[in-house]
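Protein chains in written order, with this note's numbering: chain P, 67 to 365; chain S, 12 to 301. Positions of the beta carbon are idealized from the N, C-alpha and C atoms, including for glycine. Since the structure comes first, as structure tokens, the remarks are kept for the end.
Here you go:
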């Protein structure tokens, strides 16, 4: 029952449904016209193929393959140290900022491998934005400046455009009503929950296609957490969201798909143990370790 | 419960030792402050008498009532200003490099050389400037003096800048990089502004230190009792510190009094810069005191 091949079968849902000899996501790298068209109307925003991630010589993640569907929330759960944060940072090339960190395998965004040698990581990060665990607004900037920091540090915009962007993104982050009268206040003068929503607005301002969230609510109180979860419901209509969370109830509440990461022994690389629709993972997981984790027997 | 209220002799002795140590600590602090306070008071007493309109507007005279230190004031401002213009960009940029990119062999080398340079005696730096600038250009100049002061400033500014920039939390850098901002923009528009108050504090403290330097200036600007030339690159100059040295050795007591007046002025300038460095940038971003 614990056959490793079962893992591969779990995330070839597309394959079974489309009845093709090869998984569709293996072919998308070749940019022939029919593949382009096929990929344009598939539901995938990103796909990960055989990703291995290293810190120097230490292998943190082994052979992870996954599909991330457009306009859906994909949650990544698993015990501490199993590589979830490492994995999510591999999706926008933040992993390689650590000296000695490297990656083998492919991560495809709209069919193109973000790790190809001619790809500029800065451009990848503008398309795949990230919200971090601990809110990190820029301390020398006001709320207003924080929201547009991502844009202002890029091209120039007119003031009226900037005002619009600020209001729009703060509304999407469910923060507008609380700060609209104090846009000039320093970014760090807000409460923790407000700061985190400010960071979400800041990420939205650069108009990424995918938003990554690394335990965005774990440093916050329940009320702020609720507001952020509400914001996510709105966000997924426009963006694709991937969220790492320790909070299983949260994963069950807000996500459409869930990936369970697991590490067998200390020092082993983490693996994607199971990936499926959230309902299935939480009601009838296929693998024992998944079941043990979601029912709270360990973790 | 009643045991708590009984003061044991052990407790009483502990209380006594505690008080004695507190008194000792205060006494040591006073001992450390006394020389500073004494110098300031002494300089005020000896120097305030020399302050009059003449003091600020006339040139020094080695006879009569001593004259004034007008050229020294101008020279101090010019030379320290020029040294700051030359030394600050180099030092700050080196410090930023070391903090952001310097975890390699080149960085270790630069750090080692900066640390060594802070220990080189200022007269040696002056002799170096003499050989490189004065001998090459054929004469003493304010510029040569500024070069020697800049050399003294650079390693100090480099090290303090590096330390301050390192104190900027990594979460800020990650936030900026995560928004798809390039590395150099992250450094220049996010990291450095966050560290700015600390960097400026370090710069002001280096300026204050160098404003009082005398030895390197002896060999580079020579000193003069005439108006200093407009051309900073040609012609001897003088500063308050140099005038204290030259006027203080004169036999005439009035001239020596002018030297005391210059000393008071210099001390107040340096104190003023140091206090300003600590006050003005308090509480913005990261400070030099952490």
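When the five nearest sequence neighbours on each side are left out, the beta carbons in the same chain lying within less than 7 Å of the beta carbon of residue 259 of chain S are those of 267 and 270, in order along the chain. The beta carbon of residue 348 of chain P sits no closer than 9 Å to any beta carbon of chain S. Taken in chain order, the complete alpha helix (DSSP H) segments of 4 or more residues contained in the region 242-291 of chain S are 251-259 and 264-291. Within 10 angstroms of the beta-carbon of residue 126 of chain P lie 16 or more other beta-carbons, which makes it buried. The Cβ atoms of residue 111 of chain S and residue 176 of chain S lie closer than 9 Å to each other.
Contact annotation for residue 160 of chain P against chain S: 185, 188 and 189 [CB-CB distance below 8 Å, chain order]. The alpha-carbon separation between residue 290 of chain S and residue 156 of chain S amounts to approximately 30 Å.
The C-alpha of residue 322 of chain P lies about 6 Å from the C-alpha of residue 343 of chain P. Excluding its 5 nearest sequence neighbours in each direction, residue 155 of chain P has C-beta neighbours in its own chain below 7 Å: 161, listed in chain order. Assigned with DSSP and collapsed to three states, residue 143 of chain P falls in strand. In the three-state DSSP reduction, residue 239 of chain P falls in the coil class, being neither helix nor strand. Against residue 182 of chain S, the close residues of chain P are 198, 200 and 202, in the order they occur along the chain (beta-carbon pairs closer than 8 Å).
Between residue 308 of chain P and residue 271 of chain P, the C-beta gap is not smaller than 9 Å, which leaves the two residues out of contact.
Shown here, residue 159 of chain S sits in a helix according to DSSP, grouped into three states.
Linking residue 35 of chain S to residue 288 of chain S through their CA atoms gives a straight-line distance of about 31 Å.
In this structure residue 147 of chain S is not in contact with residue 248 of chain S, their Cβ atoms being roughly 17 Å apart against a cut-off of 8 Å. The Cβ atoms of residue 240 of chain P and residue 293 of chain P sit closer than 9 Å to each other. When Cβ pairs closer than 8 Å are counted between the two stretches, the region 260-279 of chain P is seen not to touch the region 179-190 of chain P, the count staying below three.
Contact annotation, residue 263 of chain P with residue 188 of chain S: C-beta distance approximately 21 Å; criterion of less than 8 Å not satisfied.
Beta-bridge pairing by DSSP links residue 121 of chain P to P:124 and P:167. Residue nearest to residue 150 of chain P within the set P:351, P:331, P:348 and P:326 is P:326 (criterion: CA-CA distance). Residue 152 of chain S carries a strand assignment under DSSP once its states are collapsed to helix, strand and coil.
Distance from the CA atom of residue 199 of chain S to the CA atom of residue 242 of chain P, rounded to whole angstroms, is 29 Å. Taking 9 Å as the threshold, the shortest C-beta distance from residue 195 of chain P to chain S falls below it. The shortest C-alpha to C-alpha distance from residue 128 of chain P to any of P:296, P:148 and P:138 is the one to P:148.
The DSSP-derived three-state label of residue 135 of chain P is strand.
DSSP links residue 70 of chain S through a beta bridge to no other residue. The beta carbon of residue 157 of chain P sits closer than 7 Å to the beta carbons of 112, 173, 194, 278 and 308 from its chain, once the five residues preceding and following it are set aside; these are given in chain order. Against chain S, a Cβ distance below 7 Å from residue 141 of chain P picks out nothing, because the smallest value is about 20 Å. When Cβ-Cβ separations below 9 Å define contact, residue 29 of chain S makes no contact with chain P. Counted as a single uninterrupted DSSP element, the beta strand (DSSP E) harbouring residue 280 of chain P occupies residues 276-280. By the C-beta density criterion, residue 159 of chain S is buried, having at least 16 other C-beta atoms within 10 angstroms.
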